[in-house]
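Everything on this sheet refers to the single structure shown next.
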Amino acid sequence: VAKMNLNQSSHCWRGCVETRATHSHIFWQFPLLDNFWKSIFTYISKVMNVELIRDPLVAILGVKPVGVHSRKKMYLLQMLLIAAKKAISIKWLKN
Ligand SMILES: [Zn+2]
1 VAKMNLNQSS
11 HCWRGCVETR
21 ATHSHIFWQF
31 PLLDNFWKSI
41 FTYISKVMNV
51 ELIRDPLVAI
61 LGVKPVGVHS
71 RKKMYLLQML
81 LIAAKKAISI
91 KWLKN
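For what it's worth, the UniProt record's numbering labels the leading residue of the sequence shown as 1, then goes sequentially.
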């Protein structure tokens, strides 16, 4: 995100020590998101009755995880992950 504006610093604007605030950092690696993503993956695993492993490829890039075979389940997973990322965006914008 910071690379879109060349005049801005690429340091994390949320105050952690990261000097390269990439999309991946903001939505996955940021330290306070660790418990958030643990909860999300636990919740989604229960709702979908699938053993999902916490994985940024699934959460951020939308890669189909092992254990999700049907289109309906993949669609549900995508919607739930979009909602989770939207929640992060809303939280960032409020603070
Ligand atoms: Zn940060």
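Every residue gets a Cβ at the ideal spot worked out from N, C-alpha and C, and that includes glycine.
When the options are compared against residue i, the one with the closest alpha-carbon
i          : options           : result
residue 87 : 14, 47 and 36     : 36
residue 49 : 89, 15, 84 and 70 : 70
residue 84 : 67, 10, 95 and 43 : 43
residue 96 : 82, 72 and 61     : The question about residue 96 has no answer here: the residues shown for the chain are numbered 1 through 95.
Whole-number beta carbon distance between residue j and residue i, since they are thought to touch under 8 Å
i          : j          : result
residue 92 : residue 59 : With a Cβ gap of about 16 Å, residue 92 and residue 59 do not count as contacting.
Spatial distance of residue i from residue j (CA atoms)
i          : j          : result
residue 46 : residue 77 : 12 Å
residue 53 : residue 41 : 7 Å
residue 3  : residue 10 : Note that residue 3 scores 49 on pLDDT, short of 50, meaning its location in the model is unreliable and no value can be drawn from it.
residue 17 : residue 95 : 18 Å
residue 31 : residue 80 : 21 Å
Contact test: residue i Cβ vs ligand 1 heavy atom, cutoff 7 Å
i          : result
residue 14 : yes
residue 30 : yes
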